[in-house]
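In what follows, a structure is listed as structure tokens, so that the remarks can point back to it.
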Amino acid sequence: MRQWSQRVAFSAATAISLFLVGASDARAQATETETSTPASAGASTPWYVSFEVDAFADTYFFWDFNQPKNPQFVYNQNPLHTFAVARGFALNQAGLNVVYPAQPVGVTLSLRFGPGSERYGGNSPVGTVSLEMLKQAFATWAPTEALKIDVGRFDTIYGAEVTESFLNLNYTRGVVWFNQPATHTGVRLGYALSEELSATFLLVNGWNNVLDNNDMKSFGAQVAYAMGDLNLILGTIFGPEQDDNNKTFRVLVDFIANYSTDVFSLVVNGDYLHEGDSSNVGAMLGLGLPLGEMLALGARGEFYRADPGVEGEEVATVLTGTLTFDVKPVDKLLFRAEGRYDNSNQPIFPAKSGTNKKFDVSALISMVVKTN
Numbered sequence: 002m003r004q005w006s007q008r009v010a011f012s013a014a015t016a017i018s019l020f021l022v023g024a025s026d027a028r029a030q031a032t033e034t035e036t037s038t039p040a041s042a043g044a045s046t047p048w049y050v051s052f053e054v055d056a057f058a059d060t061y062f063f064w065d066f067n068q069p070k071n072p073q074f075v076y077n078q079n080p081l082h083t084f085a086v087a088r089g090f091a092l093n094q095a096g097l098n099v100v101y102p103a104q105p106v107g108v109t110l111s112l113r114f115g116p117g118s119e120r121y122g123g124n125s126p127v128g129t130v131s132l133e134m135l136k137q138a139f140a141t142w143a144p145t146e147a148l149k150i151d152v153g154r155f156d157t158i159y160g161a162e163v164t165e166s167f168l169n170l171n172y173t174r175g176v177v178w179f180n181q182p183a184t185h186t187g188v189r190l191g192y193a194l195s196e197e198l199s200a201t202f203l204l205v206n207g208w209n210n211v212l213d214n215n216d217m218k219s220f221g222a223q224v225a226y227a228m229g230d231l232n233l234i235l236g237t238i239f240g241p242e243q244d245d246n247n248k249t250f251r252v253l254v255d256f257i258a259n260y261s262t263d264v265f266s267l268v269v270n271g272d273y274l275h276e277g278d279s280s281n282v283g284a285m286l287g288l289g290l291p292l293g294e295m296l297a298l299g300a301r302g303e304f305y306r307a308d309p310g311v312e313g314e315e316v317a318t319v320l321t322g323t324l325t326f327d328v329k330p331v332d333k334l335l336f337r338a339e340g341r342y343d344n345s346n347q348p349i350f351p352a353k354s355g356t357n358k359k360f361d362v363s364a365l366i367s368m369v370v371k372t373n
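Under our numbering, the residues of the sequence shown are numbered 2 to 373, in order.
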């Protein structure tokens with residue numbers, strides 16, 4: 002029995018050895034064949050491997066201490082709050098981003114779902130098409146490393162804050178952001194003049210329009226300069242934005258300064274907006290303080306002045322202050338606790354009594370989960 006087992010073991014070992022020798026010879030022959038085969042004849046990378054996909058879900062609990070009781074204010078308690086507007090628990094938005102990087106052609110698609118996407122995507126002027134779920138959809142052609150051309154619907158290039166809460170120092174967006182464009186539909190051209198200096202140009206349907214509401218287009222330009230930890234950006238956009246009116250131009254001048262280090266980050270955003278007889282001026286100062294790998298603080302102060310330019314109408318001024326505390330217990334999960342104070346010289350904030358107040362105090366806790 003032992004001799005039979007030894008013969009079987011010897012035969013198996015011999016077979017395995019012959020197999021390994023044969024496999025080695027086959028690999029060697031394959032290597033020689035690959036070496037002698039031109040690179041152009043090799044298998045190309047599948048096109049779908051180049052896609053970049055990410056998703057997120059943004060939820061919150063919000064409380065307005067003015068406690069407005071009018072049902073119409075359930076989703077519009079504070080006119081300066083764009084996304085955090087519902088009392089109690091609420092979904093801001095869920096998002097899906099799909100990008101095929103330009104090499105040299107590419108596609109970007111950003112989908113948003115929820116009340117936040119309805120408020121953001123449904124802000125087109127009356128009478129035009131609204132795409133509430135389609136935040137971005139544009140094609141890209143990059144004929145050179147320095148030049149990139151986008152055609153379609155894309156986010157604005159103006160302002161220091163963006164719509165995704167987790168990309169800002171604070172959860173809520175400020176009054177300066179509230180008075181800037183959100184999206185554009187048209188053509189965007191970006192050109193890198195050097196490693197430090199770049200320029201962007203727009204020819205679009207205006208502010209937030211999918212279809213234009215008049216016969217004219219809006220023109221935009223922006224110059225960005227990066228110098229180490231300091232980024233300076235100056236931009237403008239001008240064109241008629243009123244329905245069937247090609248003469249009354251809206252002009253926005255937007256300035257951004259961003260200084261970021263491992264110890265702190267500082268951002269300044271200043272705007273001047275003029276249309277007809279009205280003119281608005283706004284300024285925002287933000288400070289970010291990392292407190293280790295898991296914690297961070299974000300503070301923002303703002304001033305905004307709106308002059309209607311009409312005799313008998315009062316100039317409105319607004320001051321806001323926001324403090325946000327971040328907790329990131331694990332990767333891809335972010336909790337935020339935020340307190341905010343808004344003040345105006347006019348009673349614009351709904352209150353419990355059914356009338357308006359000149360100030361508003363609010364608080365929220367948010368939770369954001371993202372895949373990337």
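Backbone N, C-alpha and C define an ideal beta-carbon position, used for all residues, glycine too.
The beta strand (DSSP E) spanning residue i covers which residue range?
i	result
V224	S219 to M228
A56	E53 to D65
Y159	Per DSSP, Y159 belongs to no beta strand (DSSP E) and is neither H nor E.
Y49	No beta strand (DSSP E) contains Y49, which DSSP labels as neither H nor E.
R341	L334 to S345
G187	T184 to A193
I366	F360 to K371
T141	L135 to W142
Which of the three DSSP states, helix, strand or coil, is assigned to residue i?
i	result
F179	helix
S111	strand
F167	helix
V211	coil
N88	Note on residue identity: the sequence assigns Arg, not Asn, to residue 88. Correct three-state label for R88: coil.
G355	coil
Y121	helix
Please classify residue i: is it buried, with 16 or more other beta-carbons within 10 angstroms of its beta-carbon, or exposed?
i	result
L198	exposed
L81	buried
L170	buried
F66	exposed
S345	buried
D263	exposed
G287	buried
T356	exposed
V331	exposed
N59	What sits at residue 59 in the sequence shown is Asp, not Asn. That one is buried.
G374	Outside the displayed range of the chain (2 to 373) lies residue 374, so it cannot be described from this structure.
A147	exposed
D361	buried
Report yes if the CB atom of residue i is closer than 8 Å to the CB atom of residue j, and no otherwise.
i	j	result
M285	G175	yes
S280	G240	no
T325	G299	yes
Y260	L231	yes
V254	D272	yes
F52	I366	no
T323	R337	no
V163	N270	no
F139	F155	yes
Y172	S166	yes
D278	N247	no
A222	G236	yes
At the 8 Å Cβ level, is residue i part of the contact set with chain D, yes or no?
i	result
L97	You won't find chain D in this structure, because it holds only one protein chain.
ask   = Which runs of the beta strand (DSSP E), 3 residues or longer, sit entirely within the stretch 239-317?
value = Listed in chain order, they are 250-261, 266-276, 279-291 and 296-308.
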